[in-house]
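Peer 1: Numbering (the working numbering), first residue to last: -4 to 237. Just so it is clear, CB atoms sit at the ideal spot from N, CA and C, and this is done for glycine as well.
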């Protein structure tokens, strides 16, 4: 394994961290979040955690009243979410949370299968011992965690850590939206939620970690592919049964 320092960083790349990073980018580095940014972060969390369900219509005046702001920051936040693909604009009706059905989930998981296995190989080549230790600590946090939000954040952090070490910024940016959709499916379908609480996810991550720890890029790629194939089959079956 290459001794070059890992680019994964020490902060867990959870959904909340990702939302804060996106919001900060909207403000061009301002440390204090604007009203638009705060509304955006709250709405994005509601959508990803399915407190705003797929297909639910959201109305600007109602959101403005909820957040105690004018319609302008609400409209601006919703327009950002439209660009990100989490919300769809409905002419003269408002906005609707983008639906999440089996076709959308299949597309997400197919893309993850294309992107993540070679990224696991890259992380094995470029990562150092600090990266392996961080990955191990994330997996330990996942094993000891409880609750859907905590466990999905830990699972996301595991995959984000690998992407960071692989030194592919474009893949990391693209994967953020795919992770959001995966998290939505966990909150939406009880069978998928049950899976994140089982040992299946942890064992898949453990196999990826061990392959990375041994410094074998091909084994890491194969372990990640097995993990994602199993995830794909399970999630699609759960959607069909729901």
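How about residue 122 and residue 207: do their beta carbons lie closer than 8 Å?
Peer 2: The answer is yes: Cβ separation under 8 Å.
Peer 1: Considering only DSSP beta bridges, list what residue 121 is partnered with.
Peer 2: BP columns for residue 121 are empty, so no partner.
Peer 1: Entirely within the region 69 to 95 and at least 3 residues each: give me those beta strand (DSSP E) ranges in chain order.
Peer 2: With a minimum length of 3 residues, the continuous beta strand (DSSP E) runs that stay inside the region 69 to 95 are 82 to 85, 89 to 92.
Peer 1: Give the range of the alpha helix (DSSP H) segment to which residue 240 is assigned.
Peer 2: The requested residue 240 does not occur in the structure, where the chain is confined to residues -4 to 237.
Peer 1: Helix, strand or coil for residue 224 per DSSP?
Peer 2: Three-state result, residue 224: helix.
Peer 1: Using the Cα positions of residue 49 and residue 195, report the straight-line distance between them to the nearest angstrom.
Peer 2: For residue 49 and residue 195, the distance between alpha carbons rounds to 27 Å.
Peer 1: According to DSSP, is residue 64 part of a helix, a strand, or is it coil?
Peer 2: In the structure shown, residue 64 sits in coil (DSSP, three-state: anything other than H, G, I, E or B).
Peer 1: Alpha carbons only, please: which of 222, 156, 213, 176 is nearest the one belonging to residue 99?
Peer 2: Taking only the C-alpha atoms, the option nearest residue 99 is 176.
Peer 1: In chain order, what residues of the same chain have a beta carbon less than 7 Å from the beta carbon of residue 140, not counting five sequence neighbours either side?
Peer 2: Excluding residues within five positions, the ones whose Cβ falls inside 7 Å are 146, 149.
Peer 1: According to the Cβ coordinates, are residue 144 and residue 46 closer than 8 Å?
Peer 2: No. Outside cutoff.
Peer 1: Classify residue 169 as buried or exposed, calling it buried when 16 or more other Cβ atoms lie within 10 Å of its own Cβ.
Peer 2: Exposed: under 16 other Cβ atoms inside 10 Å.
Peer 1: Could you check whether residue 69 and residue 34 sit closer than 8 Å to each other, using their CB atoms as the reference points?
Peer 2: The answer is yes: Cβ separation under 8 Å.
Peer 1: Are residue 111 and residue 181 close, meaning C-beta to C-beta below 8 Å?
Peer 2: No, they are not a contact pair.
Peer 1: If you follow the alpha helix (DSSP H) that residue 173 is part of, which residue opens it and which one closes it?
Peer 2: Counting along the chain, the alpha helix (DSSP H) containing residue 173 begins and ends at 164 to 183.
Peer 1: How many angstroms separate the CA atom of residue 138 from the CA atom of residue 74?
Peer 2: The straight-line gap from Cα to Cα measures roughly 37 Å.
Peer 1: Tell me which same chain residues have a C-beta within less than 6 Å of the C-beta of residue 183, skipping the five on either side of it?
Peer 2: For residue 183, where only same-chain residues beyond five positions count, the Cβ hits under 6 Å are 45.
Peer 1: Going along the chain, which residues of its own chain have a beta-carbon closer than 7 Å to the beta-carbon of residue 252, five neighbours each way excluded?
Peer 2: Residue numbering for the chain in the displayed model covers -4 to 237; residue 252 lies beyond these limits and cannot be assessed.
Peer 1: Do residue 92 and residue 135 count as a contact pair if the criterion is CB distance below 8 Å?
Peer 2: No, they are not a contact pair.
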